[in-house]
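The block underneath contains the structure these notes are about, expressed in structure tokens.
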Amino acid sequence: MNQLRLPQALKINEIKVENATTKTFILDGALDAQPGQFVMAWLPGMEDKPFSLANNNPISLTVAAVGPFSRALHNLQAGDRLWVRGPLGKGYSLSGDSSGHILLIGGGYGVAPLHFLTRRAPASGCRVSAIIGARSASDLLLVNAFKSLGVSLWLTTEDGSVGQQGLATDAISSVLADSEIRPKTVYTCGPTGMLQAVAARCKAENIPVQAGWEAQMRCGIGVCGSCEVGQGWLTCLDGPVFSFDPVETSPL
Ligand SMILES: Cc1cc2nc3c(=O)[nH]c(=O)nc-3n(C[C@H](O)[C@H](O)[C@H](O)COP(=O)(O)OP(=O)(O)OC[C@H]3O[C@@H](n4cnc5c(N)ncnc54)[C@H](O)[C@@H]3O)c2cc1C
Ligand code: FES
């Protein structure tokens, strides 16, 4: 396994359709990487875009089609090439949670790096509970993939079409109420509003949080400053996983 300092063209071996807007691209390559780290992906004629690693071996990216780059990616076929450099940034750290319970809370494509983290958990002796939230049943991602890893799973949908009706954060109480699975640490990735709500709840419960944040990125390596948040934190270098709120520079 290796690290790619310069963009390298990798063949797309397989494309999995996850739901109406999201596909997973499985590439012909592997990286020495931690869950929560990201790669910069590039296509000819377009600007690089950051994507969390959904897996490092083989390199896999779970991408929602929302704009020009992600739509161009969705138009590719197996056998086409995608340029990738990385891994970049700081990922999640499972150290300190040995033999303990951890709770993952994911929304949207944020569940992909958390699934990668779940596969690393047994090596640290962690037992995993996860809350996955989406607007509707058809938007939920990687549910069977989490189930196949033996994770205790809570599903939430805003329209109530499956699981508990409401937001992912609404299910936290159910997990915390069960002393058998009370987490040592909460790991979260998803929309900023969700991260802030998770952080507020965990702060009240005195449970440490590691959260994967997003920002506009251009270089991905701490040079351009476009991903700066708060008092000079660079999301690409100091994050994207922070154990403090980089905007307020206060503990999560
Ligand atoms: C560290 C990091 C990790 C990331 N990991 C992933 C990942 O694993 N998978 C992934 O799909 N993307 C991920 N992103 C986001 C990704 O880099 C792009 O921003 C995204 O694909 C949109 O790029 P675009 O050029 O297609 O559209 P843009 O032109 O950037 O966006 C088009 C429009 O869509 C809006 N938009 C952007 N993202 C979303 C969204 N999630 N839902 C709804 N509207 C949105 C924008 O505000 C804009 O109005 C990550 C970003 C960061 C910083
Ligand atoms: S993306 Fe350029 S400094 Fe972070």
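Going by this note's numbering, the sequence shown opens with residue 426, and the numbers climb by one from there. Quick reminder that beta carbons are idealized off the backbone N, C-alpha and C, glycines included. Bear in mind that the values here come from a model prediction, so they are computed numbers and not experimental data.
For the alpha helix (DSSP H) containing residue 569, name the first residue and the last one.
568-573
Residue 452 in three-state terms, based on DSSP
strand
Just reading off the alpha helix (DSSP H) that residue 565 is part of, what are its end residues?
Element bounds for residue 565: n/a, residue is neither H nor E.
Return the CA-CA distance between residue 461 and residue 564, expressed in angstroms with no decimal places.
22 angstroms
Residue 619, buried or exposed, once every other Cβ within 10 Å from all chains shown has been counted against 16:
buried
Please tell me whether, using a cut-off of 7 angstroms, the distance from the CB of residue 477 to the nearest non-hydrogen atom of ligand 2 is below it.
no
When you compare the region 472-485 with the region 441-457, are there three or more beta-carbon pairs, one atom per stretch, that lie closer than 8 angstroms?
yes
Residue span of the beta strand (DSSP E) that contains residue 401, given as start and end
There is simply no residue 401 to check, as the chain begins at 426 and stops at 677 in what is shown.
Straight-line Cα distance separating residue 625 from residue 535
19 angstroms
In the DSSP output, what is residue 465 paired with across the bridge?
475 and 510
If you drop the 5 nearest sequence neighbours on each side, which residues of the same chain put their C-beta closer than 6 angstroms to that of residue 555?
529, 571, 576 and 578
Pick out whichever of 532, 490, 648 and 479 has its Cα sitting closest to the Cα of residue 544.
479
Rank 489, 584, 440 and 472 by C-alpha distance to the C-alpha of residue 446 and give the top, closest one.
489
Which of the three DSSP states is assigned to residue 493 in this structure?
helix
Residue 515 vs residue 664 beta-carbon contact at 8 angstroms:
yes
Roughly how many whole angstroms lie between the Cα atoms of residue 566 and residue 443?
7 angstroms
Collapsed DSSP secondary structure at residue 623 in the structure displayed:
helix
Can you tell me the Cα-Cα spacing of residue 631 and residue 526, whole angstroms?
15 angstroms
Please return the same chain residues whose Cβ sits closer than 8 angstroms to the Cβ of residue 506, not counting the five positions on each side in sequence.
434, 435, 436 and 437
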